[in-house]
């Protein structure tokens, strides 16, 4: 909510199956699953995500993760005012 009103905000990535297949020999769904998992593991190993206990990824600082998505081939877009379909 913003100013007491519901607010819709979309963050998304578009990945091309053909480009993914050229790069890694697999479809985009494998790429969009594997790259974020690799980035998460890298964040833990590098100490970027270092928090005692067990946590969901959503509880950790998203900034290094989002920056790494851009670096590792999954650039994302923002839509602050998406058109909704009823």
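In the numbering used here, the protein residues as written are 1 to 86. We put the beta carbon where it would ideally sit given N, CA and C, even for glycine.
Assigned secondary structure, residue i (DSSP; H/G/I helix, E/B strand, else coil)
i	result
residue 50	coil
residue 3	coil
residue 63	helix
residue 11	strand
residue 34	helix
residue 74	coil
residue 27	coil
residue 57	helix
residue 44	helix
Closest by C-alpha distance to residue i, when choosing among the options
i	options	result
residue 72	85, 3, 40 and 10	40
residue 15	78, 29 and 8	29
residue 77	22, 35 and 12	12
Beta-carbon proximity check, residue i vs residue j, cutoff 8 Å
i	j	result
residue 43	residue 64	yes
residue 9	residue 80	yes
residue 51	residue 60	yes
Burial state of residue i, where buried means 16 or more other Cβ atoms lie within 10 Å
i	result
residue 31	buried
residue 35	buried
Residues bridged to residue i [DSSP beta-bridge criterion]
i	result
residue 79	10
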